[in-house]
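Student: The structure is given below, and queries will be raised subsequently.
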Amino acid sequence: MDKIRWKLQDFMRNRNGADELSRATLIVGLVLYVISLFTKWSLFYYLGFIAIIYSLYRVFSKRVAERREENQRYRERIDLGKMRFDQRKEYKIFVCKGCGRKIRVPRKKGKVEITCPICGDKTVHRT
């Protein structure tokens, strides 16, 4: 039994292993596969299959630095989404029509004039 464990450890040396992004893509792939079983749509089956294969590719990849960077970008997006969800009752987010930047404004301040910090465009919105 120890010999098998040592061989597996030797095989996984210098490989990425399971990280948050690979786990998320594996879960999405399995969910899509289960949906394909109930709906009989081959599109869900193929998308689930591709997601599972991509997850395994990430786990066994030897390009650890690139996979770490991808995982870091994924975690930043997830953290940003959580932060926005948590602050949805306290702040309202507007999009600047000039440059497309998102501007966060406190709620319940009535009608306010918002100035974009990037392009200087001024608009009036009700919070």
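For the sequence shown, the positions run 14 to 140 when my numbering is used.
Glycine included, each C-beta is placed from N, C-alpha and C at the ideal position.
Computed from a predicted model, the values in this text were never measured in an experiment.
#1: Work out the CA separation of arginine 36 and glycine 42 for me, nearest whole Å.
#2: Exposed or buried, which one is threonine 38 when buried takes at least 16 other CB atoms within 10 Å?
#3: For a minimum of 4 consecutive residues, which ranges assigned as the alpha helix (DSSP H) are wholly contained in the region 15 to 63?
#4: Give the DSSP bridge partners of arginine 117, in chain order.
#5: Which residues bound the alpha helix (DSSP H) around arginine 139?
#6: Measuring straight from C-alpha to C-alpha, what distance separates leucine 21 and methionine 96?
#7: For lysine 95, which of helix, strand or coil comes out of DSSP?
#8: What is the DSSP secondary structure of isoleucine 131, reduced to helix, strand or coil?
#9: Looking only at its own chain, which residues have a Cβ that is under 8 Å from the Cβ of tyrosine 46, when we skip the five neighbours before and after it?
#10: Return the residue from the list Val108, Arg26, Arg117 and Leu93 that minimises the CA-CA distance to valine 77.
#11: Beta carbon of glycine 123, beta carbon of threonine 140: below 9 Å?
#12: Restricting to Cα atoms, I'd like to know which of Asp15, Phe107, Ile17 and Arg90 is closest to lysine 135.
Tutor: Per the coordinate set shown:
#1: Looking up residue 42 in the sequence shown gives position 29. Looking up residue 36 in the sequence shown gives position 23. A straight line joining the alpha-carbon of glycine 42 with that of arginine 36 spans about 10 Å.
#2: Here residue 38 refers to the residue found at position 25 when the sequence shown is read from its first residue. That one is buried.
#3: Taking only runs of at least 4 residues, the alpha helix (DSSP H) segments lying wholly in the region 15 to 63 are 15 to 25 and 33 to 52.
#4: Looking up residue 117 in the sequence shown gives position 104. Per DSSP, Ile106.
#5: If you number the sequence shown from 1, residue 139 lands on position 126. Looking at the DSSP string, arginine 139 is not in any alpha helix (DSSP H); the run it does join, the beta strand (DSSP E), is 135 to 139.
#6: Locating residue 21 in the sequence shown gives position 8, counting from the first residue. Locating residue 96 in the sequence shown gives position 83, counting from the first residue. Going from the Cα of leucine 21 to the Cα of methionine 96 covers about 39 Å.
#7: Along the sequence shown, read from residue 1 onward, the residue named residue 95 stands at position 82. Note: lysine 95 maps to helix in three-state DSSP.
#8: Position 118 of the sequence shown holds residue 131. Assigned with DSSP and collapsed to three states, isoleucine 131 falls in coil, not helix or strand.
#9: The residue given as residue 46 occupies position 33 in the sequence shown. Closer than 8 Å at Cβ, skipping near neighbours: Phe57, Tyr58, Gly61, Phe62 and Ile65.
#10: Taking the first residue of the sequence shown as 1, we reach residue 77 at position 64. It is Arg26 whose Cα lies nearest to the Cα of valine 77.
#11: Against the sequence shown, residue 123 aligns to sequence position 110. Against the sequence shown, residue 140 aligns to sequence position 127. It is a contact, given that the beta carbons lie within the stated cut-off.
#12: To locate residue 135, count along the sequence shown from 1; it is residue 122. Cα-wise, what sits closest to lysine 135 is Phe107.
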